[in-house]
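First to last, the sequence lines map onto chains Z and S. Going left to right, the first sequence walks through residues 0 to 766 as numbering that gives the first Met the number 0 numbers them. Going left to right, the second sequence walks through residues 0 to 164 as numbering that gives the first Met the number 0 numbers them. Structure first, commentary second.
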Amino acid sequence: MPSVGRSLPRREDRPLLQGRGRFVDDIDFDGTLHARFVRSSVAHALLLGVDSEEARAVTGVVTVVDAAELALPPLLPPIDNPDALPVPRPLLATGKIRFAGEAVAVVVADSPYVAEDAAELVAIDLEALPAVTTTAQALRDDAPRVHDQPTNVMYDKRFSTGDELPRGPVVIHRTFSSSRQTALPMEPRGLLARPHGDGLEIWASTQSPHMLALAVAAGLGLAEDQVRVMVPDVGGGFGLKAHAYPEELVVAALARRLGRPVKWVEDRAENLTSSCHARGQTIDVTVSADADGVLTSIDADVVVDMGAYGVYAHGHLLEAGGTPSMIPGPYRLRDYRFRSRAVATTKVPLGAYRGVGLPVATFVHERAMDLVAAETGVDRAEVRRRNLLRADELPYTSVTGQRYDSGDYGAALDTALREIRYSAFAEEQAEALRAGRLLGLGFAVYVEYSAVGSSVFAGRGMLGLAGYDEANVVLGPDGIVRVWTTLPSAGQGITTTFAQLTADELSVDVELVEVRPVDTAVGRLRGNGTFASRSAVSGGGAIRVSCEELRRRLLEDAADVLEASPADLEIVSDAVRVRGAGTSSVRLVDLAAAAAPDRYDVVRRHDPEHPVYPYGAHACRVEVDPVSGFVRILDYVVVEDCGRIINPRIALGQTHGAVAQGIAGALYEELSYDEHGQLQTASLMDYLVPTASEVPPVQVEHMHVPTSASLVGAKGVGESGTLAPGAALANAVADALGAECNSTPLHPTVISDLARARLARTAEGVR
Amino acid sequence: MTMHVDVEINGVRHRREVEPRTLLSDFLRHDLGLTGTHVGCEHGVCGACTVQVDGRPVRSCLVLAVQTHGRSVRTVEDLSDPEDDVMHPLQEAFHANHALQCGFCTPGILMTIEALSADLAEMSDAAILEALSGNLCRCTGYRNIVCAIRAAGEPGDGEGTGSWA
Numbered sequence: 000m001p002s003v004g005r006s007l008p009r010r011e012d013r014p015l016l017q018g019r020g021r022f023v024d025d026i027d028f029d030g031t032l033h034a035r036f037v038r039s040s041v042a043h044a045l046l047l048g049v050d051s052e053e054a055r056a057v058t059g060v061v062t063v064v065d066a067a068e069l070a071l072p073p074l075l076p077p078i079d080n081p082d083a084l085p086v087p088r089p090l091l092a093t094g095k096i097r098f099a100g101e102a103v104a105v106v107v108a109d110s111p112y113v114a115e116d117a118a119e120l121v122a123i124d125l126e127a128l129p130a131v132t133t134t135a136q137a138l139r140d141d142a143p144r145v146h147d148q149p150t151n152v153m154y155d156k157r158f159s160t161g162d163e164l165p166r167g168p169v170v171i172h173r174t175f176s177s178s179r180q181t182a183l184p185m186e187p188r189g190l191l192a193r194p195h196g197d198g199l200e201i202w203a204s205t206q207s208p209h210m211l212a213l214a215v216a217a218g219l220g221l222a223e224d225q226v227r228v229m230v231p232d233v234g235g236g237f238g239l240k241a242h243a244y245p246e247e248l249v250v251a252a253l254a255r256r257l258g259r260p261v262k263w264v265e266d267r268a269e270n271l272t273s274s275c276h277a278r279g280q281t282i283d284v285t286v287s288a289d290a291d292g293v294l295t296s297i298d299a300d301v302v303v304d305m306g307a308y309g310v311y312a313h314g315h316l317l318e319a320g321g322t323p324s325m326i327p328g329p330y331r332l333r334d335y336r337f338r339s340r341a342v343a344t345t346k347v348p349l350g351a352y353r354g355v356g357l358p359v360a361t362f363v364h365e366r367a368m369d370l371v372a373a374e375t376g377v378d379r380a381e382v383r384r385r386n387l388l389r390a391d392e393l394p395y396t397s398v399t400g401q402r403y404d405s406g407d408y409g410a411a412l413d414t415a416l417r418e419i420r421y422s423a424f425a426e427e428q429a430e431a432l433r434a435g436r437l438l439g440l441g442f443a444v445y446v447e448y449s450a451v452g453s454s455v456f457a458g459r460g461m462l463g464l465a466g467y468d469e470a471n472v473v474l475g476p477d478g479i480v481r482v483w484t485t486l487p488s489a490g491q492g493i494t495t496t497f498a499q500l501t502a503d504e505l506s507v508d509v510e511l512v513e514v515r516p517v518d519t520a521v522g523r524l525r526g527n528g529t530f531a532s533r534s535a536v537s538g539g540g541a542i543r544v545s546c547e548e549l550r551r552r553l554l555e556d557a558a559d560v561l562e563a564s565p566a567d568l569e570i571v572s573d574a575v576r577v578r579g580a581g582t583s584s585v586r587l588v589d590l591a592a593a594a595a596p597d598r599y600d601v602v603r604r605h606d607p608e609h610p611v612y613p614y615g616a617h618a619c620r621v622e623v624d625p626v627s628g629f630v631r632i633l634d635y636v637v638v639e640d641c642g643r644i645i646n647p648r649i650a651l652g653q654t655h656g657a658v659a660q661g662i663a664g665a666l667y668e669e670l671s672y673d674e675h676g677q678l679q680t681a682s683l684m685d686y687l688v689p690t691a692s693e694v695p696p697v698q699v700e701h702m703h704v705p706t707s708a709s710l711v712g713a714k715g716v717g718e719s720g721t722l723a724p725g726a727a728l729a730n731a732v733a734d735a736l737g738a739e740c741n742s743t744p745l746h747p748t749v750i751s752d753l754a755r756a757r758l759a760r761t762a763e764g765v766r
Numbered sequence: 000m001t002m003h004v005d006v007e008i009n010g011v012r013h014r015r016e017v018e019p020r021t022l023l024s025d026f027l028r029h030d031l032g033l034t035g036t037h038v039g040c041e042h043g044v045c046g047a048c049t050v051q052v053d054g055r056p057v058r059s060c061l062v063l064a065v066q067t068h069g070r071s072v073r074t075v076e077d078l079s080d081p082e083d084d085v086m087h088p089l090q091e092a093f094h095a096n097h098a099l100q101c102g103f104c105t106p107g108i109l110m111t112i113e114a115l116s117a118d119l120a121e122m123s124d125a126a127i128l129e130a131l132s133g134n135l136c137r138c139t140g141y142r143n144i145v146c147a148i149r150a151a152g153e154p155g156d157g158e159g160t161g162s163w164a
């Protein structure tokens, strides 16, 4: 019985439910030391000195290390891009402090309590410099320079399809913005390093263990095989853990120097002030259309607040590269120009968060569509239909070179409109308004790229990202098929879904397959790790090609035993048998027992040639409370095509979670800074993560247009749900208010003012 | 300086000397090795560290170990045994309804809701949302958690109807 397509219960669940999960902080060795970073409370300053004498005197403190004592080179993301300046990031602040939260020194002690006590005693001697807290400020000629460069613009890319873009007759110019948000995994970052032989064993809460191993080896001057990274349970990542961070290299270096295990687990305040932030963009857009609402050109000026540094190994190109490439979205557009800049400020470095750049791109093209509709008087659904690429136009290479593989964008929109009851809404809205209630309906169509391969990363100049993934599929002498990959399990269910894929690729019982935690020492695998919705596509592809080779070997060997041609053989549940020949078979466990070592130990790589393009449409109905400005989501509909679904229940769970995070960014979450560069939302009392009460039930409808761009047929499901909620909700609230909503999150104070104005206009009889 | 604490944890009496400032969460995790209780924020918002003290849900990051002197503490490890074929009904319902993804927040949610077990069958959806308001989950969007809690309050296999008005 095929395993793919069934909602098999998750294998991950039982230990996690029983309190037997094993996260980094749950691992302990005798003699483990604890690291606590001393962080700058000032955003921008010359660092004159670090006085750790008092801290060193505390009983239980083993050492206190600053940059001079650490004496390791900075992390320099390997970026080869003519539009980018290099942005080296010291492991510990050196000479200068560039954001509040930057690590300046590290205390190592025999207990975390003592380490934290002593860290308070480390004195940082600094000379404060003016903070640079907005991109507008950073772009001024007289702005303080964050780095030793003549400019704060660390990436500046221009693109145009021609010297002159066709303009008009309808021309809309707007500024859109998206505040900073962060991934906020419930388990913060953490790493435990232990000396082992002449190298290191590391347990890390990471999405990119193989990249981390390489970064640690390079940073510490070790050979690759001297660093082994193992990934225990990971309490969520969502992009934040896709990077190698300075703290991780420092802790690894300390373990080596001290010859003892050293553990570091960040607290939530550190998570908010030193783990990467995301979004944080301002986009000036000029959209031109004809009188029928058909797009004639888009001109976009994207400015990304990259913070003080990039992230390793992605650098500072994530948002600034991703957003403009997808602003054309699912629409037919031939004339396009953009400038995209990543601008350094004295704030937390910007990195990955679920959807990277694409929620903002979707916000731009979907707000633009509603504005074109309003300006031309064409219905907003009809405007989209006139511009959406038709199913028969795909595959289609977009103006920015994206190769949309397959899909039916119009069908996704129409399904969403039907499910949200669009045609009946205008009347309901008018009636509610007469009763003083503000109802709104909004929708958004999106297309996303997932599973980026090495050629695309190389084209972006991101040389530190593998782009490919590998699998090691082993049939053991016990008849169990064990699978290792380069993609850690972080809640997305791949311990279960990879077993389902493996079982079907080999035609064996799923009970015979065991997916193992990532361990860089096993199989000498190399690969990317899990981000950009790539696990099913890239990891699944690697599993598929590995299984093909293992199957070939099994059939070849069974052919000898059964005296048959491999072409006449098939694998069924736990044995190879002759097709149609009843009893003639050999069990896998017997083949394994007789085989030479390594015979059934296969490693293969999959490197997606092209990204895959999941797409869909979201639609929602909201009611706005004019007094509080609270936006109540009445209905939320998702129509999406994530390709062939491996485990429906898990795929649905991914969509639920992604939509919740999208809603969070639209209505609640914002990392805000004051003019001194102090984060004002540095606790969960201030950074408003939605609770169960804020997240509505979400109706999800699946579509499936097959793609040839994915070996296993999956298109990726992790991120897509985050792309459209910002746009759909802004459009719905704008519809309710009869006013524009062009930035997220939608602030209650702004909304309540607009809502009262709307009701006042209604009372006066003005529409 | 240390203080004496004499506390019953998961039915077992523990007598320990601890620093007075030791958090209950750290005492459970690092002194007793009960690592099923997770620490997500250390400032009492996320609810991941929730345990039961004398049957009531309490954030173990906001309680000192010495404050549990003479009391009874229950953690997620007490809900069922690794050897059990069938877990606690709430755990089974979470499994059946895919109410966890990374699983980091899960023990805190289980201990919060388990304290309300007697009332579950009678609780409205609004009451369940209210009960969950002190627990953050970043993975699931909460819907399946609500379904699981609802299912755990119903007779049957724990899979429930999946409905959520």
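Heads up, the beta-carbon is just placed ideally off N, CA and C, and yes, glycines get one too.
Any Cβ of chain Z closer than 8 Å to the Cβ of threonine 105/S would place that residue at the interface, and such an atom is present. Taking 4 residues as the minimum length, the alpha helix (DSSP H) runs contained wholly in the region 41-100 of chain S are 88-95, in order along the chain. Comparing alpha-carbon positions, the option among Arg459/Z, Ala118/Z, Ser287/Z, Arg384/Z lying closest to aspartate 50/Z turns out to be Ala118/Z. For the pair phenylalanine 456/Z and methionine 325/Z, the Cα-to-Cα distance works out to about 16 Å. Aspartate 25/S has no beta-bridge partner at all, per DSSP. Asparagine 471/Z: member of the beta strand (DSSP E) spanning 468-474, first to last residue. Among the residues of the region 676-696 of chain Z, those with a Cβ less than 7 Å away from any Cβ of chain S are Ser682, Leu683, Met684, Val688, Thr690, Ala691, Ser692, Val694, Pro696, in the order of the chain. Bridge partners of valine 482/Z according to DSSP: Val472/Z, Val514/Z.
Around the CB of alanine 120/S, fewer than 16 other CB atoms lie within 10 Å, so the residue is classed as exposed.
In the DSSP annotation of this structure, the continuous segment of the alpha helix (DSSP H) that includes valine 250/Z starts and ends at 245-257. If you draw a straight line from the Cα of leucine 412/Z to the Cα of asparagine 143/S, it comes to about 26 Å.
DSSP, reduced to helix, strand and coil, places isoleucine 644/Z outside both helices and strands of the structure shown, so it counts as coil. Assigned with DSSP and collapsed to three states, histidine 33/Z falls in strand. Contact fails between the region 79-86 of chain S and the region 20-33 of chain S, because fewer than three Cβ pairs, one in each stretch, are under 8 Å apart. Taking a cut-off of 8 Å on C-beta distances, the region 259-266 of chain Z does not touch the region 222-238 of chain Z, as fewer than three cross pairs fall below it. Chain-order list of chain S residues neighbouring glutamine 499/Z: empty, with the shortest C-beta distance near 15 Å, by a criterion of under 7 Å. Ranked by how close their Cα comes to the Cα of threonine 174/Z, the residues Ala307/Z, Phe362/Z, Leu125/Z have Phe362/Z in first place.
If you look at threonine 174/Z, you'll find it in the beta strand (DSSP E) that goes 169-180.
Among the bridge pairs identified by DSSP, proline 194/Z is matched with Leu199/Z. Around the beta carbon of methionine 684/Z, a 10 Å sphere encloses fewer than 16 other beta carbons of the protein chains shown; the residue is thus reported as exposed. With respect to the 8 Å criterion, arginine 353/Z and methionine 368/Z are not classified as neighbours on the basis of their beta carbons. In this structure, leucine 239/Z places its C-beta atom within 8 Å of the C-beta atom of threonine 181/Z. Among the CB atoms of chain S, none fall inside 8 Å of the CB of histidine 242/Z. Note that the region 301-316 of chain Z does not touch the region 106-123 of chain Z; fewer than 3 beta-carbon pairs, one per stretch, sit closer than 8 Å. In the structure shown, arginine 383/Z falls within a helical segment according to DSSP collapsed to helix, strand and coil. For cysteine 40/S, the residues of chain Z that pass the 7 Å Cβ criterion are Arg267, Leu683, in the order they occur in the chain. The beta carbons of arginine 193/Z and alanine 104/Z sit no closer together than 8 Å. In this structure the region 636-649 of chain Z touches the region 716-730 of chain Z; the number of beta carbon pairs closer than 8 Å is three or more. Judged by DSSP secondary structure, phenylalanine 362/Z falls outside any beta strand (DSSP E) and instead within the alpha helix (DSSP H) spanning 357-375. In the structure shown, the three-state DSSP call for phenylalanine 158/Z is strand. Under the three-state reduction of DSSP, tyrosine 612/Z is assigned to coil, being neither helix nor strand. Neighbours of cysteine 138/S in chain Z, taken as residues at a C-beta separation under 7 Å, are given in chain order as Gly235, Gly490, Gly656. The alpha-carbon separation between proline 129/Z and threonine 344/Z amounts to approximately 11 Å.
The Cβ-Cβ distance between valine 588/Z and serine 545/Z does not fall below 8 Å.
By a beta-carbon distance limit of 8 Å, serine 273/Z contacts glycine 100/Z. Their separation comes to about 4 Å. Asp298/Z is the residue among Ser2/Z, Asp298/Z, His609/Z whose C-alpha sits nearest the C-alpha of histidine 172/Z.
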